[in-house]
Amino acid sequence: MLATLNISAFRQFMATVFSVIFFLVAIMLTFLAGEALFQGLRGQAGFTEAVINSINMAIVALAIFELGLVVNKEYACKESEDHIIIVLRRTVPRFVSIVCIALVLEGLLLVIKYSQLGLAGNLNYPIAIIISTAILLAALGVFLRLTDNNPNSHNKIFLNENEAQAVNGSMECMAGFHQPKPSNGSAH
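Numbering of the sequence shown is given in our numbering, commencing with residue 4 and proceeding in unit increments.
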């Protein structure tokens with residue numbers, strides 16, 4: 004008789020395997036970032052380019068490490084959150100923010116590189132990367148706003164109830180201040 008495959012155990016095993024792969028790749032990229040920085044310090048490569056490349060590799064390593072953490076926590080652990088929106092609201096912003104940082108740095112690196120080489124015609128590529136990053140951040144904001152449990156929470160972020168009443172009262176007062184006063188029948 005064929006052994007029945009326990010889907011949960013298989014899922015945990017595969018999540019652990021992928022987490023380990025992501026962690027190993029992140030460690031390798033971290034060492035490569037250190038090596039690139041060391042080569043820049045020794046003068047084997049341009050110092051500015053070596054620093055920017057090492058920072059770029061370190062941020063990519065951080066993004067891959069974060070992905071490994073998310074996979075490990077959300078799929079390999081036995082206790083998992085039942086509501087997928089809660090899981091997504093917890094994990095997506097961290098990962099997307101790291102990816103956005105990596106993309107912006109890559110775009111800035113390309114701007115510097117093309118400017119130094121006199122290739123101004125190629126600046127549309129880094130500009131497209133930076134604009135895409137801005138769109139990604141805006142989409143993240145829309146996602147977080149649409150998945151918010153309390154749709155009115157954005158109005159009361161920093162105000163308690165008394166402060167909100169005071170603000171509303173002052174707004175009403177300001178609105179009344181700009182209204183034209185009724186005429187009493189005498190024209191000057």
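Backbone N, C-alpha and C fix where the C-beta goes; we use that ideal spot for every residue, glycine too.
If I'm right that residue i touches residue j with Cβ under 8 Å, what's the distance once you round it to whole angstroms?
{"i": "Leu-108", "j": "Asn-59", "result": "5 Å"}
{"i": "Ala-64", "j": "Ala-29", "result": "5 Å"}
{"i": "Ile-133", "j": "Gly-110", "result": "4 Å"}
{"i": "Leu-70", "j": "Phe-98", "result": "6 Å"}
{"i": "Leu-143", "j": "Pro-96", "result": "6 Å"}
Using DSSP with H/G/I as helix, E/B as strand and the rest coil, what is residue i?
{"i": "Thr-19", "result": "helix"}
{"i": "Leu-122", "result": "coil"}
{"i": "Gly-49", "result": "coil"}
{"i": "Thr-94", "result": "helix"}
{"i": "Thr-150", "result": "coil"}
{"i": "Asn-59", "result": "helix"}
{"i": "Lys-159", "result": "Residue placement at Lys-159 is flagged as unreliable, the pLDDT there being 48, under the threshold of 50; the coordinate-derived value follows with that caveat. Helix at Lys-159."}
{"i": "Asn-75", "result": "helix"}
{"i": "Asn-9", "result": "coil"}
{"i": "Ala-178", "result": "Annotation note: pLDDT 47 at Ala-178 (below 50); position unreliable, coordinate value reported separately. Looking at Ala-178 - three-state DSSP - the assignment turns out to be helix."}
{"i": "Val-170", "result": "Any answer about Val-170 is weak, because its pLDDT of 48 lies below 50 and its placement is not dependable; what the coordinates show is given next. Three-state DSSP puts Val-170 in a helix."}
What number of angstroms, rounded off, separates the C-alpha of residue i from the C-alpha of residue j?
{"i": "Ser-11", "j": "Met-17", "result": "10 Å"}
{"i": "Leu-120", "j": "Ala-53", "result": "16 Å"}
{"i": "Ile-87", "j": "Tyr-78", "result": "12 Å"}
{"i": "Asn-9", "j": "Met-31", "result": "33 Å"}
{"i": "Leu-35", "j": "Phe-26", "result": "14 Å"}
{"i": "Thr-19", "j": "Ser-118", "result": "44 Å"}
{"i": "Ile-160", "j": "Cys-103", "result": "Reliability fails at Ile-160, whose pLDDT of 48 lies under 50, so the model's placement of it is uncertain and no value is given."}
{"i": "Val-73", "j": "Arg-14", "result": "14 Å"}
{"i": "Thr-136", "j": "Ile-130", "result": "10 Å"}
{"i": "Asn-127", "j": "Ile-55", "result": "20 Å"}
{"i": "Val-90", "j": "Phe-21", "result": "19 Å"}
{"i": "Arg-93", "j": "Gly-46", "result": "43 Å"}
{"i": "Ile-101", "j": "Gly-124", "result": "29 Å"}
{"i": "Val-23", "j": "Thr-51", "result": "33 Å"}
{"i": "Gly-49", "j": "Leu-106", "result": "22 Å"}
{"i": "Thr-33", "j": "Ala-66", "result": "11 Å"}
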